[in-house]
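Peer 1: Just passing along the structure, written as structure tokens.
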Amino acid sequence: MRRNNFFRLLRDIFSFFPVKLPVMIFLILFCAAVNTLPSVFIQKVIALIENSDINSSWPDVSSNLLTLLVILAGLYMLSLTGGFLVGQIGADITQGVLMRFREKMFGRMQNLPLRFFDSNSHGDIMSHYTNDVDSLRQLVSQAMPQMLTSIITITAVISIMLYFSLWMTLVTFTGIIAMFIVTKKKGGRSAHHFRRQQKNTGQLEGFAEEIMNGQKVVKVFCHEEESIKDFERLNEELFTESEKANKKANTLGPILNNIGNILYASMSVAGGILILSGVRNVSFSGLPMSISVVVPFLNMTKQFAMNINHFSMHINAIVSGLAGAGRIYAVIDSEPEDDNGKIEITRENSEGKIEFIHVNFGYENDIDVLHDITLSAKPGQKTALVGSTGAGKTTIANLIPRFYDANSGKILYDGINIQGIKKSSLRKILGIVLQDTNLFTGTVLENIRYGNLNASDEECINAAKLAGADEFISRLPDAYDTMLSGNGSNLSQGQRQLIAISRAAVADPIVMILDEATSSIDTRTEALVQRGMDALMKDRTVFVIAHRLSTVRNADMILVMEHGRIIERGTHDELIALKGRYYKLYTGAFELS
């Protein structure tokens, strides 16, 4: 899987930067080659001095020596220039890759079903945009270029070594084998812990986000100590995995450094023995075993060991980056919200009749929470859903806009199975006011206009007046231009709810769903809002979920629910006369929980 993520990442980067990526790879190859060539010219410099009689031919020696030194200086300048260009292009590619992955993730999340957000904590989701993207940044900007540089450099160094001397290369291979064994063993052990570190980071961030959002609850119930203990437990788990991962990764560098030093010393001794013993050199260059061969070998040995060490130092970034990429791809690959509907509906070609026919539904396939739900709501009719918490009222409201699809049975809109209607088309003719309000950073007017982006300022203000929100909005510092932030934290819960109702009003929907829409409004404000709500609900199909039974007395149809079933239905007077569950709820003989 990690290998697949690596090659998939390469393909994606190439698709993002089809020109810049090949240019950068070429420059990396160029720099790696240029960095190995000095060893060849150093050998020529030493050989020139070693084989020349300086007393008799100094002018020629100095001229040739100057030429070689100029070439060496040119190579180093080329390496410097190439490295600069690699850094500039690499920064552009890195930030571009991160930008595109953030866009791909956010775009996919907008198309994911609510089930995804219900089953993943918001903190863990945010961790994809922070921790996972940052680990990907380190992989793309540092680990991958260094890995490519090291591989090319090592390959080039070994090739030059073979060119100079087979015997010296064989000595080097002993160090190569030792380095690769250590790298594989230590790197493999740390990889497991780095992947767990990535997962634990998401869990910790999810917990922190949850506690920050629930600070009032934490303080009200004096749960600070327990929260600290839970945080410390998750933090300890993250610390343990991070410590194990980094300990194993950090010991790799010193071990490889020492192997490199031992190899360097071994090469010096081996070179001296080979020269003194007069062993015939075996090489493609045809050069005899001499100081001019051994000294460049020592330089290449250091270069070789350094690149192995650089590679090992980025193992943690490689593993963390691939783990982050895996988590990012998991989001991108998540199944989008299913929409097989092809029918387009508009205000002009629909009435708003909603029918449930023997509907069963469960959030988990084998556990139903709604059982054999059958109901009919006509245009201009107000249908109220009442019952205990967990009876299934909100679940019914979630099925109408197809936030979830029924397991069996049918839900019809104007006689059309809603599974045949495009979700975007269906939702445009629906207005929903939830118990939990969500406001966005922006002005009050912009938050109201969220219900209809084409609405004029006047239409937004009229919607606020209809919902009874105009009075308090007019008293705000900048009235409708007042900036809201932090989900409208500078407003009361009731005021936020009024803005949410105004937002639904400006959408001018055919079907209105009110899920405890007035639960956060005081009795006086509720009376004002109710008049606006009555006007808003006129000639619309309305579903009202309420705990306050006084708010549903005028409903055309009241459905009493219990354990996912409709146990009573009728008008207020009919249900009172029935003297069943609704009668007990209304008279207080049985209280809603």
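In the working numbering, the protein residues as written are 471 to 1063.
All residues carry an ideal CB built from backbone N, CA and C; glycine is no exception.
(1) Tell me whether the region 797-814 and the region 574-587 touch, counting them as touching only if at least three CB pairs, one residue from each stretch, are closer than 8 Å.
(2) Given a cut-off of 7 Å on the beta-carbon distance, is the pair H828 and G1034 in contact?
(3) Can you tell me the Cα-Cα spacing of V903 and A970, whole angstroms?
(4) Can you give the Cα-Cα distance for G832 and K863, rounded to whole angstroms?
(5) Based on Cα-Cα distance, which residue from Y546, I621, I1015, L555 lies nearest to L491?
(6) Which of helix, strand or coil does DSSP assign to D842?
(7) Going by the beta-carbon positions, is the gap between L507 and L545 smaller than 7 Å?
(8) According to DSSP, simplified to helix, strand and coil, what is S782?
(9) Using only the alpha-carbon positions, how far apart do F826 and M1027 sit?
(10) Bridge partners for K852 per DSSP, in chain order?
(11) Assuming the contact rule is C-beta atoms closer than 8 Å, K823 and D875 should be a hit. Round their C-beta distance to whole Å, please.
(12) Hey, S485 and S605: beta-carbon distance below 7 Å or not?
(13) Would you check if there are 3 or more beta carbon pairs closer than 8 Å linking the region 585-596 to the region 670-677?
(14) Determine the DSSP secondary structure at A876, reduced to helix, strand or coil.
(15) Cα-Cα, which of I622, E711, R572, Q612 is closest to H598?
(16) Among the candidates G566, M649, M494, I516, whose CA atom is the shortest distance from the CA of P615?
(17) Taking the straight line between their C-alpha atoms, what separation do you get for I931 and D940?
(18) Identify the continuous beta strand (DSSP E) that holds H828 and give its terminal residues.
(19) Taking the alpha-carbon of A800 as reference, which of P488, N590, F754 has the nearest alpha-carbon?
(20) So for K490, helix, strand or coil by DSSP?
(21) Do F650 and S753 have their beta-carbon atoms positioned less than 7 Å apart in this structure?
(22) Between which residues of its own chain and S1063 is the CB-CB distance below 8 Å, once the five residues before and five after are set aside?
(23) If you count every other CB in all the chains shown that lies within 10 Å of the CB of A543, and 16 or more means buried, which is it?
(24) Under a Cβ-count criterion, where at least 16 other Cβ atoms within 10 Å of its own Cβ denotes burial, should V540 be classed as buried or exposed?
(25) Counting only the same chain and skipping the five closest in sequence on each side, list residues whose C-beta sits under 8 Å from that of Q608.
(26) When burial is assigned at 16 or more other CB atoms within 10 Å of the CB, is F496 buried or exposed?
(27) Using only the alpha-carbon positions, how far apart do R666 and I512 sit?
(28) Using only CA atoms, which one of G921, H1017, L1029 lies nearest to P979?
(29) Taking the alpha carbon of I886 as the reference point, which residue from N868, N819, T913, I837 has its own alpha carbon closest?
(30) Return helix, strand or coil for R750, following the three-state DSSP convention.
(31) Comparing C-alpha positions only, which one of E695, G730, I725, N601 sits nearest to G645?
(32) With burial defined as no fewer than 16 other Cβ atoms inside 10 Å of the residue's Cβ, what is the status of F774: buried or exposed?
(33) Starting from the Cα of I1037, find the closest Cα among G566, A795, I621, L855 and give me that residue.
(34) Going by DSSP, what residue range makes up the alpha helix (DSSP H) through G901?
(35) Which value, in whole angstroms, describes the spacing of the CA atoms of V1030 and S959?
Peer 2: Here's the rundown:
(1) yes
(2) Numbered from 1 along the sequence shown, position 358 holds the residue referred to as residue 828. Numbered from 1 along the sequence shown, position 564 holds the residue referred to as residue 1034. Their beta carbons are not under 7 Å apart, which means H828 does not touch G1034 by this criterion.
(3) Stepping through the sequence shown from its first residue, residue 903 is reached at position 433. Stepping through the sequence shown from its first residue, residue 970 is reached at position 500. Those two C-alpha atoms are separated by around 6 Å.
(4) Along the sequence shown, one-based indexing puts residue 832 at 362. Along the sequence shown, one-based indexing puts residue 863 at 393. Distance between the alpha carbons of G832 and K863 is about 13 Å.
(5) Counted from its first residue, the sequence shown places residue 491 at position 21. Closest option to L491, Cα to Cα, is L555.
(6) In the sequence shown, the residue the question calls residue 842 occupies position 372. Strand.
(7) As a first step, residue 507 is located in the sequence shown; it is residue number 37 there, counting from the start. As a first step, residue 545 is located in the sequence shown; it is residue number 75 there, counting from the start. Contact flag set, yes.
(8) As a first step, residue 782 must be located in the sequence shown, where it is residue number 312. Helix.
(9) In the sequence shown, residue 826 corresponds to position 356, counting from 1. In the sequence shown, residue 1027 corresponds to position 557, counting from 1. Approximately 14 Å, taken between the alpha carbons.
(10) Numbered from 1 along the sequence shown, position 382 holds the residue referred to as residue 852. Its beta-bridge partners are V1012.
(11) For the purposes of this step, residue 823 is taken as residue 353 along the sequence shown, with counting starting at 1. For the purposes of this step, residue 875 is taken as residue 405 along the sequence shown, with counting starting at 1. The Cβ separation is near 20 Å, so there is no contact.
(12) Taking the sequence shown and counting its residues from 1, the one referred to as residue 485 is at position 15. Taking the sequence shown and counting its residues from 1, the one referred to as residue 605 is at position 135. No, the pair does not count as a contact, with Cβ atoms beyond the cut-off.
(13) yes
(14) Here residue 876 corresponds to residue number 406 of the sequence shown, with the count starting at 1. Residue state, collapsed to three classes: coil.
(15) Here residue 598 corresponds to residue number 128 of the sequence shown, with the count starting at 1. Answer by Cα proximity: R572.
(16) Working through the sequence shown from its first residue, we reach residue 615 at position 145. Measuring C-alpha to C-alpha distances from P615 to each of G566, M649, M494, I516 identifies M494 as the nearest.
(17) As a first step, residue 931 is located in the sequence shown; it is residue number 461 there, counting from the start. As a first step, residue 940 is located in the sequence shown; it is residue number 470 there, counting from the start. Between I931 and D940, the C-alpha separation is close to 7 Å.
(18) The count along the sequence shown starts at 1 and reaches residue 828 at position 358. That run of the beta strand (DSSP E) goes 824-831.
(19) Translated into the one-based positions of the sequence shown, residue 800 becomes position 330. For A800, the nearest C-alpha among the options comes from N590.
(20) Counting from 1 along the sequence shown, the entry for residue 490 is found at position 20. Helix at K490.
(21) As a first step, residue 753 is located in the sequence shown; it is residue number 283 there, counting from the start. As a first step, residue 650 is located in the sequence shown; it is residue number 180 there, counting from the start. Taking 7 Å as the Cβ cut-off, S753 and F650 do not qualify as a contacting pair.
(22) Within the sequence shown, residue 1063 is the residue found at index 593, counting from 1. Note that S1063 has pLDDT 46, beneath the 50 cutoff, so the model's placement of it is unreliable and the number below is only indicative. Annotation for S1063: S858, T859 place their beta carbon closer than 8 Å to its own, counting only its chain and skipping 5 residues before and after.
(23) One-based indexing of the sequence shown puts residue 543 at position 73. Looking at its Cβ environment, which holds fewer than 16 other Cβ atoms inside 10 Å, A543 is exposed.
(24) Taking the sequence shown and counting its residues from 1, one reaches residue 540 at position 70. V540 should be labelled exposed.
(25) For the purposes of this step, residue 608 is identified with residue 138 of the sequence shown, where counting begins at 1. If we look at Q608 and ignore the five residues flanking it on each side, its Cβ neighbours are A787, S790, G791.
(26) On the sequence shown, residue 496 is found 26 positions in, with the first residue counted as 1. F496 comes out exposed.
(27) What you label residue 666 is simply residue 196 of the sequence shown in a count that begins at 1. What you label residue 512 is simply residue 42 of the sequence shown in a count that begins at 1. Approximately 47 Å, taken between the alpha carbons.
(28) Numbered from its first residue, the sequence shown carries residue 979 at position 509. The shortest C-alpha separation from P979 is found at G921.
(29) Here residue 886 is taken as the residue at index 416 of the sequence shown, counted from 1. The option with the nearest alpha carbon to I886 is N819.
(30) Position 280 of the sequence shown, counted from the start, is the residue given in the question as residue 750. In the structure shown, R750 sits in coil (DSSP, three-state: anything other than H, G, I, E or B).
(31) Within the sequence shown, residue 645 is the residue found at index 175, counting from 1. Per the Cα distances, G730.
(32) By 1-based counting over the sequence shown, the position of residue 774 is 304. With 16 or more Cβ atoms within 10 Å of its Cβ, F774 is classed as buried.
(33) Residue numbering aside, residue 1037 sits at position 567 when the sequence shown is read from its first letter. Of G566, A795, I621, L855, the residue nearest in Cα terms is L855.
(34) By 1-based counting over the sequence shown, the position of residue 901 is 431. Note, G901: premise wrong, no alpha helix (DSSP H); beta strand (DSSP E) at 900-903.
(35) Within the sequence shown, the letter at position 560 stands for residue 1030. Within the sequence shown, the letter at position 489 stands for residue 959. Spanning the two alpha carbons is a distance of roughly 35 Å.
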